[in-house]
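Asks: Under the numbering used here, the first residue of the sequence shown carries the number 688, and numbering increases by one thereafter.
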Amino acid sequence: MNRTVVRVHKPGGPEVLTVEQEPAPSPGPGEVQVAQTAVGLNFIDVYLRSGLYPSPLPFIGGQEGAGVVTELGAGVTTLQVGQRVAYAGAVGGYASVRVLAADKVIALPDGISEITAAAIMLKGMTAEYLVRRCHVVKPGQLVVVHAAAGGVGQLACQWARHLGATVIGVVGRREKAQLATESGAHHVVVLSEQSLVDEVKRLSNGHGADVVYDSVGKDTLKASLDSLRARGLLVSFGQSSGMPDPIALATIGGARSLYITRPSMHAYTHTRAELEESSSALFDVVLKGVVKVKPPTTFPLTEAAAAHRALEARQTTGSVVLLPTV
Ligand SMILES: NC(=O)c1ccc[n+]([C@@H]2O[C@H](COP(=O)([O-])OP(=O)(O)OC[C@H]3O[C@@H](n4cnc5c(N)ncnc54)[C@H](OP(=O)(O)O)[C@@H]3O)[C@@H](O)[C@H]2O)c1
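1. At which residue ranges does the segment 846-931 contain complete beta strand (DSSP E) runs of 3 or more residues, listed in the order of the chain?
2. Identify, in the order they occur along the chain, each residue of the same chain with its Cβ nearer than 7 Å to the Cβ of P745, setting aside the five sequence neighbours on each side.
3. Under the three-state reduction of DSSP, which class applies to L962: helix, strand or coil?
4. Quick one: is E862 near chain B, going by C-beta distance under 9 Å?
5. Do you know whose CA, among A789, Q1002 and H995, lies nearest G1014's CA?
6. Within the chosen definition, does the segment 925-942 reach the segment 951-969 through at least 3 CB pairs nearer than 8 Å?
7. Taking 9 Å as the threshold (C-beta atoms), are V755 and V721 in contact?
8. Quick one: grab the DSSP three-state call for Y781.
9. Helix, strand or coil: how does DSSP classify G838 here?
10. Examine ligand 1 and report whether any of its heavy atoms sits within less than 8 Å of the Cβ of H957.
11. Which two residues bound the contiguous alpha helix (DSSP H) that contains Y946?
12. Quick check on Y781: buried or exposed, where buried means 16 or more other Cβ atoms within 10 Å of its Cβ?
13. Using the rule of at least 16 other Cβ atoms within 10 Å of the residue's Cβ for burial, across every protein chain shown, is A761 buried or exposed?
14. Inspect the CB distances between the segment 808-816 and the segment 828-846 and report whether three or more fall short of 8 Å.
15. Does the structure place the segment 738-753 close enough to the segment 770-780 that three or more beta carbon pairs sit under 8 Å?
16. Since E1070 is in the beta strand (DSSP E), which residue starts that stretch and which ends it?
17. I think T984 touches T1012, with their Cβ atoms under 8 Å apart; what is that distance to the nearest whole Å?
18. Closer than 8 Å: is that where the CB of H873 sits relative to any heavy atom of ligand 1?
19. Using only alpha-carbon positions, find the residue among V703, V899, S879 and D790 that is nearest to V831.
20. Mind checking which residues open and close the beta strand (DSSP E) that includes L809?
21. Bridge partners for I939 per DSSP, in chain order?
22. Beta-carbon separation of V858 and V884 under 9 Å?
23. Would V784 and P698 be called neighbours here (beta carbons separated by less than 9 Å)?
24. If you measure from the CB of H822, is any heavy atom of ligand 1 nearer than 8 Å?
25. Determine the closest residue to A834 out of G715, L1010, F986 and G904, with distance taken between C-alpha atoms.
26. Got a sec, what are the start and stop residues for the beta strand (DSSP E) Y774 sits in?
27. Taking the alpha carbon of A993 as the point to measure from, which residue in F970, G1005 and V733 has its own alpha carbon closest?
28. With a threshold of 8 Å, establish whether the CB of A777 neighbours any heavy atom of ligand 1.
Set out below in structure tokens:
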């Protein structure tokens, strides 16, 4: 059987994403082969493609997908051929057929389609750990979510609101404000028109936010820190605008005594127990309709470069899913 993959041979712009045909690999011990019907696009794919996150070369892009198990490697007893599955955080995702470790794979419940799974596994488990574990969102807290109309942002806003927080969603421009509101944001800050610090202060009677989830990085980190209440927490979990400048410890101390963390989904789903707990919490809120998933924007897998361009140009909202055809 042949497969289509999108491979990176050298770091660079979207043009380095190279579509190739090759024989599909067979699973080794402890692995499964999956025929993928949907592949998730994530901002980390951009960091790896551009070289911001160095990776051994060449590599197949992507680390999230869903499909059907087509072959079991020796010793795999937890999955069956024909079973619908999904995963997040396993590199090599931009492929019509792939192999991966069986212990990275989660069986999909009825009611979660493969395209929905590809839209939410990585972004949704990220939202899960952000609001339930990295910081435990509690009723009455004031929570700021950057890129609130984006993939992670839409899910995190809804989940934080469900947990009882007042949510301030932050978007780059006015056209995205409605989506942030539909995703549960009680208030929306439009960065092209408003000051984040001023708006958060105004909405909190001068106190500031309990937690700011900042995935934008360079352009927003200082304003995020300045928006926190005393002893508030900055969660810096991404850098879509570039790596933020270093923070001098002295600037977060004294009367404000702030906290900062820099988490990754990998660290919060490292053990099989954590992966199962995070994914089942995610499926639960989606199946109950507490967190609604808008139909993702789709591109053919072979047009991964166009999808990267759209994501980097801030043209996408919600999740983007690549569809293999071969
Ligand atoms: N640490 C983790 O565990 C983890 C896991 C998943 C994702 N992430 C991070 O979460 C963030 C969101 O990921 P996602 O895949 O869901 O993407 P996304 O939010 O759908 O897209 C990124 C958004 O960032 C905003 N942005 C601000 N400045 C930007 C710039 N200069 N270039 C591009 N975008 C800019 C844009 O929204 P506006 O136009 O509204 O500003 C854009 O739509 C990324 O930073 C990603 O690295 C972290």
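Glycine residues also receive a C-beta, built at the ideal position from the N, C-alpha and C atoms.
Replies: So, to answer that:
1. 853-858, 874-877, 896-901 and 915-923
2. Taking the first residue of the sequence shown as position 1, residue 745 is located at position 58. Within the same chain, P745 has close Cβ partners R694, V695 and H696.
3. For the purposes of this step, residue 962 is identified with residue 275 of the sequence shown, where counting begins at 1. In the structure shown, L962 sits in a helix (DSSP, three-state: H, G or I).
4. Of the protein chains in this structure there is only one, and it is not chain B.
5. What is shown of the chain runs 688 to 1013, which leaves residue 1014 out entirely.
6. no
7. Here residue 721 corresponds to residue number 34 of the sequence shown, with the count starting at 1. Here residue 755 corresponds to residue number 68 of the sequence shown, with the count starting at 1. Yes. Within cutoff.
8. As a working note, residue 781 is residue 94 in the sequence shown. Three-state result, Y781: coil.
9. Sequence index remark: in the sequence shown, residue 838 carries index 151 (1-based). In the structure shown, G838 sits in a helix (DSSP, three-state: H, G or I).
10. For the purposes of this step, residue 957 is taken as the residue at position 270 of the sequence shown. No, since every heavy atom of ligand 1 falls outside the 8 Å radius drawn around the Cβ of H957.
11. In the sequence shown, counting from the first residue as 1, residue 946 sits at position 259. Per DSSP, Y946 belongs to no alpha helix (DSSP H); it is in the beta strand (DSSP E), Y946 to T948.
12. Taking the sequence shown and counting its residues from 1, one reaches residue 781 at position 94. With 16 or more other Cβ atoms within 10 Å, it is buried.
13. Reading the sequence shown from its first residue, position 74 is the one you call residue 761. When all chains shown are included, A761 counts as exposed.
14. yes
15. yes
16. Because the chain spans 688 through 1013 in this model, residue 1070 falls outside it and cannot be assessed.
17. Along the sequence shown, one-based indexing puts residue 984 at 297. Along the sequence shown, one-based indexing puts residue 1012 at 325. Between T1012 and T984 the Cβ distance is about 17 Å, and since that is not below 8 Å, they are no contact.
18. Locating residue 873 in the sequence shown gives position 186, where the first residue counts as 1. Flag unset: Cβ of H873 not near ligand 1.
19. Here residue 831 corresponds to residue number 144 of the sequence shown, with the count starting at 1. For V831, the nearest C-alpha among the options comes from V899.
20. The residue labelled residue 809 in the question sits at position 122 within the sequence shown. Not the beta strand (DSSP E): L809 falls in the alpha helix (DSSP H), residues E801 to Y816.
21. Position 252 of the sequence shown holds residue 939. Answer is none; I939 lacks a bridge partner.
22. Numbered from its first residue, the sequence shown carries residue 858 at position 171. Numbered from its first residue, the sequence shown carries residue 884 at position 197. No, they are not a contact pair.
23. Here residue 784 refers to the residue found at position 97 when the sequence shown is read from its first residue. Here residue 698 refers to the residue found at position 11 when the sequence shown is read from its first residue. Not closer than 9 Å, so no.
24. Working through the sequence shown from its first residue, we reach residue 822 at position 135. Checking every heavy atom of ligand 1 against the Cβ of H822, none is found closer than 8 Å.
25. Numbered from its first residue, the sequence shown carries residue 834 at position 147. When only C-alpha atoms are compared, the closest one is G904.
26. By one-based count along the sequence shown, residue 774 stands at place 87. Y774 -> beta strand (DSSP E) spans R771 to A775.
27. As a first step, residue 993 must be located in the sequence shown, where it is residue number 306. Closest by alpha carbon: V733.
28. The residue you call residue 777 lines up with position 90 of the sequence shown. No.
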